[in-house]
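Engineer:
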Amino acid sequence: MSLNEVHISSLVVHCAPEQLTEIKAQIEQFDNAEIYGDSPEGKIVVVLETENQGFITDTIEAINNLPNVLSTALVYHQIETELDEDGTHNNNTGTQYSQTEGEV
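Letter by letter, the sequence shown follows residues 1456 to 1559 of the working numbering.
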């Protein structure tokens, strides 16, 4: 019996308002990223679902390095584990991390 981890994270990506559409299109190219909302001020809420923490940091770095992205802030990180042998989910092993940086 082995454990599978799923890391769920949310980010706030800030870009110049005139670049919002272009940046959203670039973020949507990442397999593990989904956009949950945006604002006219150039802020984008992105949710990542990845297999391990390394994918999260790699994706955050890649998004942060996109042209015209001003900043990327990790706001929430949760680790869900499940047993893969019988497919049942073990809700007692999830770990949550939350961090708020400034106004979203």
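Think of the CB as a built atom: it goes at the ideal place given N, C-alpha and C, for glycine as much as any other residue. Remember, predicted model here, so these are calculated numbers, not experimental data.
Enumerated in chain order, which unbroken segments of the alpha helix (DSSP H) with a length of 4 residues or greater are wholly contained in the segment 1479 to 1520?
Structural biologist: 1508 to 1519
Engineer: For the segment 1526 to 1537 and the segment 1477 to 1488, state whether three or more C-beta atom pairs, one from each stretch, are separated by less than 8 angstroms.
Structural biologist: Touching, no, given that fewer than three Cβ pairs across the two stretches are closer than 8 angstroms.
Engineer: Determine, using beta carbons only, whether THR1527 and LEU1466 come nearer to each other than 9 angstroms.
Structural biologist: By 1-based counting over the sequence shown, the position of residue 1527 is 72. By 1-based counting over the sequence shown, the position of residue 1466 is 11. Contact annotation: THR1527 and LEU1466 have beta-carbon atoms nearer than 9 angstroms.
Engineer: Would ILE1499 and ILE1515 qualify as a contact pair, given that the criterion is a beta-carbon distance under 9 angstroms?
Structural biologist: Start at 1 with the first residue of the sequence shown, and residue 1499 comes out as number 44. Start at 1 with the first residue of the sequence shown, and residue 1515 comes out as number 60. It is not a contact, given that the beta carbons lie outside the stated cut-off.
Engineer: Are the CB atoms of GLY1497 and PRO1522 within a distance shorter than 9 angstroms?
Structural biologist: Taking the first residue of the sequence shown as position 1, residue 1522 is located at position 67. Taking the first residue of the sequence shown as position 1, residue 1497 is located at position 42. Remark: C-beta atoms of PRO1522 and GLY1497 do not approach each other more closely than 9 angstroms.
Engineer: I'd like to know whether the C-beta atoms of VAL1502 and VAL1468 end up nearer to each other than 9 angstroms.
Structural biologist: Within the sequence shown, residue 1502 is the residue found at index 47, counting from 1. Within the sequence shown, residue 1468 is the residue found at index 13, counting from 1. Not a contact, by the Cβ cut-off of 9 angstroms.
Engineer: Using C-beta distances below 7 angstroms, list every residue in its chain close to VAL1524, excluding the 5 sequence neighbours before and after it, in chain order.
Structural biologist: Numbered from 1 along the sequence shown, position 69 holds the residue referred to as residue 1524. Contacts found: VAL1468, CYS1470, ILE1478 and ILE1518.
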